[in-house]
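Counting in this note's numbering, the sequence shown tops out at residue 535, every number present.
Down below is the structure, laid out as structure tokens.
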Amino acid sequence: MTAALATRLVFIDTSAFEKKNFQFGQHSLGRLQELIAQEKLYLLITDVTQQEIESHLKKHSEESASKVKKLTKEAMFLRNTPELDCHGIFNIPKADDIFEIVNGKFHELLELESVEVVSVQNVNPKIVFDAYFNGLPPFEKESKKHEFPDAFALEAIKKVSLDRCHSIYVISTDGDMTSYADQEETLIPLNSVDELIDLVVRNDEELAEPTNFADQIFDELEENIVEIATEHLKYAEFVHTSTEFWDEEIADIKINSVSLSAKNLQDVSTEHADYEIEFEVEVTAEYSVPDYDRSPWDSEDKEYVHIFYNETVIKHKETYSAHVSISYSDGIKANAEIVELDFTDTIFDLNDTDFELISHKERGFI
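What follows is the structure, encoded as structure tokens:
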């Protein structure tokens, strides 16, 4: 990234926090919180955005508690191994307890002096409805009524920017929201928290030299970083996000290629550097998909006699993000090593955004 830091005021949309798995106080969001605490950044968050984030945290808490409960039933045999760390899964957390913890971490961020909650109360509703009826951002796409909270939030942030004669970064993964920011002179769109942190770090005069040094070391370690990522992905769990059938199975996974597509510096010193990176990954997946159209149906018992399956092989192109820490003790390149490489996701999604159908064949029942 070569652009210079343009402002220290920033508004972060719910989608950008969700992209980071709402990991407040950790990795990128932890570094963001540090920069805010050091008054290197000033975070603006609207009241509707706060409510939206808390709603997401509540939903994820309930879903996670439910999944853990389901897992304990499926892994009941592990009750025989109290000596193992994984035995702790049988201490099933309550959704309210999960929410209390993650929401508490969120509020630790909100309570910093350099965080300001902006009310949407003074936004003129006519401006928002005019944008909606004229198909203007953030309502460019059809079926975008759910964008009303975003529209009010953006207008509130725009008003702050104009009232204070100060530009504001708008960070969002929502294309309509960044499109809105792009057309406003005082709003600057960014796609991720990582980009913002990268801007702050690279524009800190004291870190200019260590930044260049860290980038040089990163380039030397890039091949090893890709190797570690590839090895991790070989044994990782993958799921198809837009499956038509709940009982679809991934029979086999092959990692064809892994390449580094982006890196954003998060923290740097004379002996250590943290990056948020993205990998472009080509994956070939073999699916076992139930074919109910071919399967014989027993009208009397009202059930399938047998279920036939189809074997489908698809090549996916995906982007996965990770956090990597490198160290170089005494500031010597020869001492450089990869301390940590931690993917954002524990389960990796396969979708139909960029894919190629390799083969499809029918087969019998199992």
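Positions of the beta carbon are idealized from the N, C-alpha and C atoms, including for glycine.
Note that the structure is predicted; figures quoted are calculated from it, not measured.
For residue i, which of the options has the nearest alpha-carbon?
i	options	result
residue 472	464, 478 and 479	464
residue 450	469, 398 and 459	398
residue 124	496, 505, 501 and 487	Because the chain spans 170 through 535 in this model, residue 124 falls outside it and cannot be assessed.
residue 180	291, 191, 251 and 362	362
residue 524	330, 327 and 454	454
residue 432	439, 444 and 348	444
residue 174	368, 198 and 272	368
residue 334	347, 237 and 355	355
residue 421	268, 456, 527 and 287	456
residue 329	346, 291 and 513	291
residue 452	440, 439 and 407	407
residue 287	370, 279, 215 and 426	215
residue 427	418, 440 and 400	400
residue 396	507, 279 and 243	507
residue 271	410, 224 and 526	224
residue 526	514, 518 and 484	484
residue 267	345, 277 and 232	232
Near residue i, which residues of its chain fall below 7 Å by C-beta distance, leaving aside the five closest residues on each side in sequence?
i	result
residue 537	What the structure shows of the chain is the stretch from 170 to 535, and residue 537 is not part of that stretch, so it cannot be assessed.
residue 529	479 and 481
residue 318	217 and 221
residue 342	184, 185, 188 and 360
So, with DSSP's three-state summary, where would you put residue i?
i	result
residue 476	coil
residue 193	coil
residue 352	helix
residue 504	helix
residue 526	strand
residue 457	strand
residue 536	Outside the shown range of the chain (170 to 535) lies residue 536, about which nothing can therefore be said.
residue 547	No answer is possible for residue 547: it lies beyond the span of the chain, which begins at 170 and ends at 535.
residue 430	strand
residue 287	strand
residue 425	strand
residue 274	helix
residue 292	coil
residue 440	coil
residue 485	strand
residue 335	coil
residue 532	strand
residue 358	strand
residue 183	helix
residue 215	strand
residue 494	strand
residue 518	strand
residue 345	helix
residue 207	coil
How many angstroms separate the CA atom of residue i from the CA atom of residue j?
i	j	result
residue 218	residue 324	12 Å
residue 447	residue 327	31 Å
residue 489	residue 468	46 Å
residue 509	residue 394	10 Å
residue 264	residue 234	5 Å
residue 352	residue 476	54 Å
residue 194	residue 435	14 Å
residue 404	residue 190	22 Å
residue 391	residue 429	8 Å
residue 273	residue 285	17 Å
residue 388	residue 500	16 Å
residue 532	residue 462	13 Å
residue 520	residue 250	36 Å
residue 348	residue 332	22 Å
residue 302	residue 439	The predicted position of residue 302 is uncertain, since its pLDDT is 48 and thus under 50; no value can be drawn from it.
residue 252	residue 269	29 Å
Excluding the five sequence neighbours on either side, which residues of its own chain have a C-beta within less than 8 Å of the C-beta of residue i, listed in chain order?
i	result
residue 511	196, 491, 492 and 493
residue 386	442, 495, 497, 502 and 505
residue 298	Because residue 298 carries a pLDDT of 49, less than 50, the predicted location of this residue cannot be relied on, and the following value inherits that uncertainty. Cβ neighbours of residue 298 beyond the five flanking positions: none.
residue 281	202, 205, 206 and 212
residue 414	In this prediction, residue 414 has a pLDDT of 46, which is less than 50 and means its spatial position is unreliable; what the coordinates show is noted afterwards. Answer for residue 414: 458 and 459, listed in chain order.
residue 261	234, 237, 238 and 241
residue 357	175, 176, 336, 337, 338, 339 and 350
residue 172	368
residue 289	215, 216, 217, 321, 322, 324 and 325
residue 279	214, 219 and 286
residue 516	405, 406, 407 and 408
residue 277	193, 194 and 202
residue 200	366, 435, 436 and 443
Can you name, in chain order, every residue of its own chain whose Cβ lies under 6 Å from the Cβ of residue i, other than the five neighbours on each side?
i	result
residue 359	338, 340 and 365
residue 437	376, 379, 380 and 383
residue 402	424
residue 198	189 and 192
residue 410	518 and 520
residue 418	457
Could you tell me whether any Cβ in chain D is nearer than 9 Å to the Cβ of residue i?
i	result
residue 341	Absent here is chain D; the protein component of the structure consists of one chain.
Stretch-stretch touch, CB-based, cutoff 8 Å, three pairs: the stretch 203 to 215 with the stretch 224 to 238: no
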